[in-house]
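J.:
Numbering (our numbering), first residue to last: 4 to 163.
#1: By Cβ distance, which residues of its chain are closer than 8 Å to residue 10, with the 5 residues on each side in sequence left out?
#2: What are the boundary residues of the alpha helix (DSSP H) that includes residue 55?
#3: Identify, in the order they occur along the chain, each residue of the same chain with its Cβ nearer than 6 Å to the Cβ of residue 72, setting aside the five sequence neighbours on each side.
#4: Shortest alpha-carbon distance to residue 84 belongs to which of 8, 23 and 114?
#5: Who are the Cβ neighbours of residue 52 in its own chain at under 6 Å, not counting the five residues just before and after it?
#6: Residue 90 to residue 116, Cα distance in whole Å?
#7: Assuming the contact rule is C-beta atoms closer than 8 Å, residue 119 and residue 112 should be a hit. Round their C-beta distance to whole Å, please.
#8: Out of 110, 92 and 100, point me to the one whose CA is closest to residue 21's CA.
Shown next, in the form of structure tokens:
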């Protein structure tokens with residue numbers, strides 16, 4: 004991957020407005036992924052989650068649980084620190100769409116009926132992060148600054 008492509012993927016602005024979205028969504032995704040992967044926080048782990056996913060038609064269940072749990076857990080970590088925010092947010096938005104339509108949609112909007120309102124909220128946050136990037140306090144911002152500085156130095160060297 005060349006520097007220009009990497010800069011486009013990591014591109015973000017100096018806004019602080021993204022920070023609360025990243026932090027809150029990161030924590031929530033980490034917790035939900037940990038339920039699926041490690042049976043933490045009252046979750047069922049890969050075996051139990053896989054069996055449940057298989058029972059609702061997401062087969063092979065173990066693999067689906069591994070994919071969803073990994074996207075949520077590791078994606079949550081990436082959001083929390085603001086690393087590869089845009090591609091991570093794409094993966095998490097897709098994961099939430101699957102959750103909405105495969106699990107919650109038929110139950111209506113409200114969480115009290117196992118509806119899709121929570122997954123929809125996480126989907127909306129993920130979509131916002133796709134557009135905004137990691138923001139001011141993110142590893143994406145640090146990396147883009149360093150890559151841009153290196154690119155300018157290379158251009159100056161080449162023109163001399």
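Heads up, the beta-carbon is just placed ideally off N, CA and C, and yes, glycines get one too. All figures in this text were calculated on a predicted structure; none of them were measured in a lab.
T.: Straight from the coordinates:
#1: Cβ within range, chain order: 147, 150, 151 and 154.
#2: Residue range 48-58 is occupied by the alpha helix (DSSP H) that includes residue 55.
#3: Closer than 6 Å at the Cβ level, and outside the excluded window around residue 72, lie 36, 39 and 40.
#4: 23
#5: 39 and 68
#6: 32 Å
#7: 6 Å
#8: 92
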